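Engineer: Could you have a look at this structure, given as structure tokens, before my questions?
Protein chains: 2
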Amino acid sequence: MQKQTIGCVKAATAVLGDKWTPQLLRFFANEPAVRFGSIQDFVEGINPRTLSARLGNLEQEGVIQKITKPNTTRCEYCLTEKGKALIPILTAMETWSRTYES
Amino acid sequence: MQKQTIGCVKAATAVLGDKWTPQLLRFFANEPAVRFGSIQDFVEGINPRTLSARLGNLEQEGVIQKITKPNTTRCEYCLTEKGKALIPILTAMETWSRTYES
DNA sequence: CAGTATCCGTATCGATACTG
DNA sequence: CAGTATCGATACGGATACTG
């Protein structure tokens, strides 16, 4: 999704509107910290290029935090407080989707 | 935004993820019924082609309802119950955006 | 007034191969 | 393992002119 200028929902849609992002956040919500490879395994179909882009966005938005383990190339991603605050919204969206699905 | 296959949030993001849609829904939320021209006036910058596409989507998703006045080309759009149920989510997104805006 | 038709630039995303 | 580079398809949306 292209960066939107949509008033007060701007930030939220800039984060949630991209393809894969909701799944990613759902996954993050259930794990304290995840690695790149784990995400690829869990979110089937996403390719590294796209995943990398999403993680970059989310980190820049302050929704997730990247922690690189010292002396390794290993790193982990986890939700920030800002990211955790997104979970209830995601849940509400899921509820809505299930309630009104045809 | 391209149609996504994102599990349980699918429907919600398919509706909310498009450019302009949040503003449109906000506008609908405050008016019992609106005409095409009013929307164009209110949502500055949207062009008829795009507005038409959004309205088509939203109607097809059952989020809004189109009512054509008999014997005229005039018509009005208003939220359905399904559409009204989206408002709290939109509000939550706005709150989140305002809370964490840099 | 309420759209539709056409054209076109750009953003987005997938596939795939490659790197430190 | 954790990405980046490159290429290409296509979806999205803006501008504009036109129609019933």
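Protein sequences appear in the order of chains P and D. Here the first sequence is numbered in the numbering used here, starting from 61 and rising by one per residue. Here the second sequence is numbered in the numbering used here, starting from 61 and rising by one per residue. Even glycine gets a Cβ: it sits at the ideal position worked out from N, Cα and C. These numbers come from a predicted model, not from an experiment.
For the putative contact between L84 (chain D) and G143 (chain D), defined by C-beta atoms under 8 Å, what is the C-beta separation to the nearest angstrom?
Structural biologist: Wrong, their Cβ atoms sit about 10 Å apart, outside the cutoff.
Engineer: What separation, rounded to the nearest whole angstrom, lies between the Cα atoms of R95 (chain P) and C68 (chain D)?
Structural biologist: Their Cα atoms are separated by approximately 23 Å.
Engineer: Identify whether K144 (chain P) lies in helix, strand or coil by the three-state DSSP scheme.
Structural biologist: Correct three-state label for K144 (chain P): helix.
Engineer: Return the chain-ordered ranges of every alpha helix (DSSP H) run that is complete within the segment 81-123 of chain P and spans a minimum of 4 residues.
Structural biologist: DSSP runs (the alpha helix (DSSP H)) wholly in the segment 81-123 of chain P: 81-90, 96-102, 108-120.
Engineer: Grab the span of the beta strand (DSSP E) containing C135 (chain P) for me, first residue to last.
Structural biologist: Segment 135-139, the beta strand (DSSP E) holding C135 (chain P).
Engineer: What distance in whole Å lies between the Cβ atoms of C135 (chain D) and F88 (chain D), which are believed to be in contact at a cut-off of 8 Å?
Structural biologist: About 14 Å; that fails the 8 Å criterion.
Engineer: From what residue to what residue does the alpha helix (DSSP H) around K168 (chain P) run?
Structural biologist: This structure gives no information on residue 168 (chain P), because the portion of chain P shown stretches from 61 to 162.
Engineer: Using only the alpha-carbon positions, how far apart do E161 (chain D) and L150 (chain P) sit?
Structural biologist: About 19 Å.
Engineer: Looking at the C-beta of K144 (chain P), does it have a partner C-beta in chain D at a distance below 8 Å?
Structural biologist: So, not an interface residue.
Engineer: Where does T128 (chain P) fall in DSSP's three states?
Structural biologist: It is a strand residue.
Engineer: Cα-Cα, which of D:A71, D:E91, D:S157, D:D78 is closest to S112 (chain D)?
Structural biologist: For the residues D:A71, D:E91, D:S157, D:D78, the minimum Cα distance to S112 (chain D) belongs to D:D78.
Engineer: Report the three-state DSSP secondary structure of E161 (chain D) (helix, strand or coil).
Structural biologist: Note: E161 (chain D) maps to coil in three-state DSSP.
Engineer: Identify, in the order they occur along the chain, each residue of the same chain with its Cβ nearer than 7 Å to the Cβ of R114 (chain D), setting aside the five sequence neighbours on each side.
Structural biologist: Result list for R114 (chain D): D78, W80, T81, L84, in chain order.
Engineer: Show which residues of chain P have a CB atom less than 7 Å away from the CB atom of S157 (chain D).
Structural biologist: Chain P residues near S157 (chain D): C68, V69, K70, A71, A72.
Engineer: Count the other CB atoms, across all protein chains shown, that sit within 10 Å of the CB of T73 (chain D); report buried if there are 16 or more and exposed otherwise.
Structural biologist: Counting Cβ neighbours within 10 Å, T73 (chain D) comes out buried, since at least 16 surround it.
Engineer: For G77 (chain P), decide whether its Cβ has a neighbour in chain D, counting only Cβ atoms nearer than 8 Å.
Structural biologist: Yes, because at least one Cβ of chain D sits closer than 8 Å to the Cβ of G77 (chain P).
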